[in-house]
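A.B. asks: Reminder that position 261 of the sequence shown reads as 283 in the working numbering, one-by-one numbering, no gaps. Don't be surprised by glycine CBs; every beta carbon is placed ideally from N, CA and C.
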Amino acid sequence: MTNLTVHLPGLTLKNPIMPASGCFGFGREYGAFYDLSQLGAVIMKAATQEARFGNPTPRVAETTAGMLNAIGLQNPGVEQIIASEVPNLASYDIPVIANIAGSSLEEYVTVAKAFNKTTAIQALELNISCPNVKAGGIQFGTDPELAAMVTKAVKKVSNHPVYVKLSPNVSDIVAMAKAVEQAGADGLSMINTLTGMTIDLGNKQPLLANQTGGLSGPAIKPIAIRMIYEVKQHVSIPIIGMGGIGNAKDVLEFLLAGASAVAIGTANFQNPYICAEIIDALPDILTTYGFTKVTDAIGKGHGA
Numbered sequence: 023m024t025n026l027t028v029h030l031p032g033l034t035l036k037n038p039i040m041p042a043s044g045c046f047g048f049g050r051e052y053g054a055f056y057d058l059s060q061l062g063a064v065i066m067k068a069a070t071q072e073a074r075f076g077n078p079t080p081r082v083a084e085t086t087a088g089m090l091n092a093i094g095l096q097n098p099g100v101e102q103i104i105a106s107e108v109p110n111l112a113s114y115d116i117p118v119i120a121n122i123a124g125s126s127l128e129e130y131v132t133v134a135k136a137f138n139k140t141t142a143i144q145a146l147e148l149n150i151s152c153p154n155v156k157a158g159g160i161q162f163g164t165d166p167e168l169a170a171m172v173t174k175a176v177k178k179v180s181n182h183p184v185y186v187k188l189s190p191n192v193s194d195i196v197a198m199a200k201a202v203e204q205a206g207a208d209g210l211s212m213i214n215t216l217t218g219m220t221i222d223l224g225n226k227q228p229l230l231a232n233q234t235g236g237l238s239g240p241a242i243k244p245i246a247i248r249m250i251y252e253v254k255q256h257v258s259i260p261i262i263g264m265g266g267i268g269n270a271k272d273v274l275e276f277l278l279a280g281a282s283a284v285a286i287g288t289a290n291f292q293n294p295y296i297c298a299e300i301i302d303a304l305p306d307i308l309t310t311y312g313f314t315k316v317t318d319a320i321g322k323g324h325g326a
């Protein structure tokens, strides 16, 4: 039998599959389709200090090989999430990862400290890479010094392991990864979306009210694979890989590039069962390519 178990800082995953933050809400809708306890973990939608209503509509557009979105971190605020959403996810037999965001370093610290109140959270994903907000987010995610500063500040106050979510919208992803590792990050998650735009031919204006949005889906998979492969050669902390994963073969490709686990994003919108289906298919794919356990595949694309 193929062993799918993966051990990461603060997390023991029964399999390496989890839904990506922002593509699964807080799990309530998907919990109506299948038992979420099948998942390796779940990454919640981003939490900010206060409730956010997000960007004006339209804020989602389909593209040839993916999706553009400019949701703008809509969420009910960290205290409401802890009170109403975390208990629901804690009812499943899965680790829960809280994605935290902010407009300032102080907000990141406040949100991280708030999650210390609950024992139902096993780790934080530090979102410094959202391209769809006007303050914070990507500002921290495109400057190594700022990324290190916010990582260090969150690590100082948090009781949980901190995984830093990196943006692909930089010229040197390795420099970003090394900066947050040196600042104390326990792991990385990568990649977030790429900034894109589409034009409405009818009114000849950008279709999204925000003008630009984050491109996700199959179109960005080769970029994610390349960046994970490069970063794996320069850091020793684990990577949760994401970016256009749609089947078990994609998962194996991410593992070979250096990811220790993966998150499924846009594919959830096309098929709400996709995470469960990939978990079911993964043992056969691993066996087909000569692996008896997931951990044997991690980084094997580097020839080790």
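Tell me which same chain residues have a C-beta within less than 7 Å of the C-beta of PRO190, skipping the five on either side of it?
C.D. replies: If we look at PRO190 and ignore the five residues flanking it on each side, its Cβ neighbours are ILE213, ASN214, LEU216, ILE245 and MET249.
A.B. asks: Do ALA199 and HIS256 have their C-beta atoms within less than 8 Å of each other?
C.D. replies: Going by C-beta atoms, ALA199 is nearer than 8 Å to HIS256.
A.B. asks: Is the segment 174 to 183 close to the segment 127 to 142, with three or more CB pairs under 8 Å?
C.D. replies: At 8 Å Cβ cutoff, the stretches touch.
A.B. asks: Can you give me the start and stop residues for the alpha helix (DSSP H) that TYR130 sits inside?
C.D. replies: Per DSSP, TYR130 belongs to the alpha helix (DSSP H) from 127 to 136.
A.B. asks: Assign ALA83 to one of three DSSP states: helix, strand, or coil.
C.D. replies: In the structure shown, ALA83 sits in a strand (DSSP, three-state: E or B).
A.B. asks: So, under 8 Å CB-CB, LEU238 and GLU147 are touching, yes? Tell me the CB distance rounded to an integer number of Å.
C.D. replies: First, the amino acid is wrong: residue 238 is Ser here, not Leu. 16 Å between Cβ atoms; not a contact.
A.B. asks: Given a cut-off of 8 Å, decide if VAL192 and VAL202 are closer than it, judged by their beta-carbon atoms.
C.D. replies: The answer is no: Cβ separation not under 8 Å.
A.B. asks: Label GLN71 either buried or exposed according to how many other C-beta atoms from any shown protein chain fall within 10 Å of its C-beta, with 16 as the threshold for buried.
C.D. replies: Classification of GLN71: buried, given that the 10 Å Cβ count is 16 or more.
A.B. asks: Count the other CB atoms, across all protein chains shown, that sit within 10 Å of the CB of SER59; report buried if there are 16 or more and exposed otherwise.
C.D. replies: Exposed, because fewer than 16 other Cβ atoms sit within 10 Å of the Cβ of SER59.
A.B. asks: Suppose the cutoff is 6 Å on Cβ atoms and the five residues either side in sequence are ignored; what does the same chain contact list for PHE313 look like?
C.D. replies: Excluding positions up to five away in sequence, the list reads ALA319.
A.B. asks: If you check the beta carbons only, do HIS324 and LYS254 fall under 8 Å apart?
C.D. replies: Their beta carbons are under 8 Å apart, which means HIS324 touches LYS254 by this criterion.
A.B. asks: Terminal residues of the continuous beta strand (DSSP E) containing MET264?
C.D. replies: From DSSP, the beta strand (DSSP E) with MET264 extends over 261 to 264.
A.B. asks: Using only the alpha-carbon positions, how far apart do PHE55 and PHE291 sit?
C.D. replies: Roughly 13 Å between the two C-alpha positions.
A.B. asks: Looking at the secondary structure, which residues open and close the alpha helix (DSSP H) in which ILE267 lies?
C.D. replies: Element bounds for ILE267: n/a, residue is neither H nor E.
A.B. asks: With 16 as the cutoff for other CB atoms within 10 Å, does GLU107 come out buried or exposed?
C.D. replies: That one is buried.
A.B. asks: Using the C-alpha atoms, what's the distance from PHE75 back to GLY99?
C.D. replies: Computed Cα separation, rounded: 10 Å.
A.B. asks: Relative to the alpha-carbon of GLY235, which residue among LEU90, ALA136 and THR86 has its alpha-carbon at the smallest distance?
C.D. replies: Measuring from the Cα of GLY235, the nearest candidate turns out to be LEU90.
A.B. asks: According to the Cβ coordinates, are GLU252 and VAL184 closer than 8 Å?
C.D. replies: In this structure, VAL184 does not lie closer than 8 Å to GLU252 by Cβ.
A.B. asks: Counting only runs that start and end within the segment 201 to 265, where is the alpha helix (DSSP H) found for 4 or more residues in a row?
C.D. replies: The qualifying runs are 243 to 254.
A.B. asks: Should GLU275 be labelled buried (16 or more other beta-carbon atoms within 10 Å of its own) or exposed?
C.D. replies: It counts as buried.
A.B. asks: With 16 as the cutoff for other CB atoms within 10 Å, does ALA281 come out buried or exposed?
C.D. replies: That one is buried.
A.B. asks: My output table needs one value for ALA69: the three-state DSSP class, helix, strand or coil.
C.D. replies: Here ALA69 sits in strand by DSSP.
A.B. asks: Reducing DSSP to helix, strand and coil, say where MET23 ends up.
C.D. replies: Here MET23 sits in coil by DSSP.
A.B. asks: Check each candidate in ASP222, GLY218, TYR295 and PRO31 and name the one with the smallest Cα separation from ASP57.
C.D. replies: If we check each option's Cα against that of ASP57, TYR295 comes out closest.
A.B. asks: What residues in its chain sit with their C-beta under 6 Å from that of GLY263, if we drop five residues either side in the sequence?
C.D. replies: Hits under 6 Å: ILE250, PHE276, ALA281 and VAL284.
A.B. asks: Do ILE300 and ALA270 count as a contact pair if the criterion is CB distance below 8 Å?
C.D. replies: It is a contact, given that the beta carbons lie within the stated cut-off.
A.B. asks: Which residues in the same chain as GLN233 place their Cβ atom closer than 7 Å to its Cβ, once the five residues preceding and following it in sequence are excluded?
C.D. replies: So the qualifying residues of the chain are MET219.
A.B. asks: Just tell me which of GLY49, ALA83, ARG81 and GLY206 has its CA closest to the CA of TYR114.
C.D. replies: Of GLY49, ALA83, ARG81 and GLY206, the residue nearest in Cα terms is GLY49.
A.B. asks: Taking C-beta to C-beta, are VAL316 and ASN25 nearer than 8 Å?
C.D. replies: Their beta carbons are under 8 Å apart, which means VAL316 touches ASN25 by this criterion.
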